[in-house]
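Number of protein chains: 2
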Amino acid sequence: MTTDSPKPAATAQARPVLDFWFEFASTYSYLAAMRAEALADEHGVALRWRPFLLGPIFAAQGWSSSPFNLYPAKGRNMWRDMERQADELGLPPLARPVPFPQNGLLAARIAIVALDSGWGPDFVRAVYEAQFARGLSIAEPAVLREILGALPCDPEAVLVQAGSEPVKTALREQTEEAIAHGIFGAPSFLTADGELFWGNDRFERAVAWAARRR
Amino acid sequence: MTTDSPKPAATAQARPVLDFWFEFASTYSYLAAMRAEALADEHGVALRWRPFLLGPIFAAQGWSSSPFNLYPAKGRNMWRDMERQADELGLPPLARPVPFPQNGLLAARIAIVALDSGWGPDFVRAVYEAQFARGLSIAEPAVLREILGALPCDPEAVLVQAGSEPVKTALREQTEEAIAHGIFGAPSFLTADGELFWGNDRFERAVAWAARRR
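Residue numbers (the numbering used here), protein chains in the order written: chain A, 2 to 215; chain B, 2 to 215.
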């Protein structure tokens, strides 16, 4: 083996890791998910996709719903901003799922299963597209079953696994880990050296921070 | 007069206007204020500086303080994010005024007076620097008097005018106008065609929007 022979495995391992924490009900997590891989690749950063639930975090802050519902002026501005940014990113016209926020529990449990396979990010993007480009209810098992049907898996087996105790526990623990890291909203980005960035608008900075610490 | 002679007055009038709504206590308004003129000039946009008070808006939402105090994880992240962005912009290391948020009422009244003169933006930047670069209390008349002393004005006359009924009324009306425009946080940017952008991280988009609608 010559010294300049390619070592793809070692190169892949050498990529700095950035944890991408997302919640399926979160509008700005949608924007982040749709551009995540291109942005990470551009900076040579390896993304770790980390689904979690905002519900328990919001409840602990005394919020019974999304702040975008609790504070109407903030909500109106968010929906308009989402329209503008979806347009800017070349995404389909924004659809507003009813109700908002959607219950993303089952989708998040499936994501735990999916992210152990090769089609995890494809599943995540498909759920966001169903919700925010097609306006479908991602709390509906039928919607998730349809998404799984287009992916290289056995949908029924995945649904059974998603309902198993180890997966339920894994999602619960992941949410507790998010709280322990000081995460309070989604999307959030955490570098290996502990820098926390909140919001899709901080994604570039998070990736750049991870890349320079390689 | 030849047809290609410069018409500076007409050119200045033709610049599209962007309203820059800011609150002195707001950390991200500081970042926006420090880069506002360069960004607006770059896009050929005329900025209208609009001081207002967030206190009445927060109170109407049931908040007794800044959300950065009410939600500690959000607050910790904001201060760290501000440190990172101050560094990125080449600003001095961030100082945290005590208490936070500062009472910006007197500074905002002075700004109403100052923005009718030629040194309005200089006053605004000096107040933000005193607060977030030097950690001074901008509720202190002595701090504001010192700032005015370095500007081309009669500080005592300005302070008297800032305490007059017309100025108090003007600031109150400006805050009511902000609410009527759907403004719920600072900084906010409003284009002539009614597009509202919230946050320092939307400043580039707001300026670009204003510029393309010229």
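Note that beta-carbon positions come from the ideal geometry of N, C-alpha and C, so glycine has one too. Every value quoted in this text rests on a predicted model; they were computed, and no experiment measured them.
Taking a Cβ-Cβ cut-off of 7 angstroms, the neighbours of A/Lys75 in chain B comprise Phe185, given in sequence order.
The region 105-119 of chain B makes no contact with the region 77-86 of chain B: fewer than 3 CB pairs, one atom from each, lie closer than 8 angstroms. Per DSSP, A/Arg77 has no beta bridge partner at all.
Taking a C-beta cut-off of 9 angstroms against chain B, the contacting residues of the region 192-210 of chain A are Glu196, Leu197, Phe198, Trp199, Gly200, Asp202, Arg203, Arg206, Trp210, listed in chain order. Per DSSP, the continuous beta strand (DSSP E) segment holding B/Arg49 begins and ends at 47-52. Apart from the 5 residues on each side of it in sequence, A/Leu92 sits with its Cβ closer than 7 angstroms to the Cβ of Met35, Ala134 in its chain, given in chain order. Taking every protein chain shown into account, the CB of A/Ala143 has fewer than 16 other CB atoms within 10 angstroms, so this residue is exposed. Look at A/Asn78: its C-beta is under 8 angstroms from a C-beta on chain B. Put simply, of B/Phe190, B/Ser66, B/Cys154, B/Asp42 the residue whose alpha carbon is nearest the alpha carbon of B/Trp50 is B/Phe190.
A straight line joining the alpha-carbon of B/Leu107 with that of B/Ala96 spans about 21 angstroms. The C-beta of B/Ala39 has fewer than 16 other C-beta atoms within 10 Å across all chains shown, which makes the residue exposed.
Below the 9 angstroms Cβ cutoff, chain A contributes Gln62, Phe185 as neighbours of B/Tyr72, in chain order. Here DSSP, grouped into helix, strand and coil, assigns B/Trp120 to coil.
Boundaries of the beta strand (DSSP E) around A/Leu197: 197-199. In this structure A/Phe23 does not touch A/Ala15 by the C-beta definition: roughly 25 angstroms separates them, more than the 8 angstroms allowed. Here B/Leu90 carries a coil assignment [DSSP, helix/strand/coil]. Cβ neighbours of B/Pro17 within its own chain (closer than 8 angstroms, five residues either side excluded): Gly45, Val46, Ala47, Thr192, Ala193, Ala211, Ala212, Arg214, Arg215.
In the three-state reduction of the DSSP assignment, A/Trp64 falls in the coil class.
Segment contact: the region 56-65 of chain A against the region 166-177 of chain B, fewer than three CB-CB distances shorter than 8 angstroms; contact not assigned. Membership of A/Ser30 in the alpha helix (DSSP H) is indicated by the continuous run 28-43. Annotation for B/Phe190: the continuous beta strand (DSSP E) segment containing it runs 189-192. Setting aside the 5 residues that flank it on each side, B/His182 is surrounded in the same chain by Leu191, Leu197, each with a C-beta closer than 7 angstroms to its C-beta; the list follows chain order. Non-local C-beta neighbours of B/Val168 in its own chain, meaning closer than 8 angstroms and more than five positions away in sequence, comprise Arg110, Ile113, Val114, Gln162, ordered along the chain.
Under the DSSP definition of a beta bridge, B/Trp22 partners with B/Arg51, B/Ser189.
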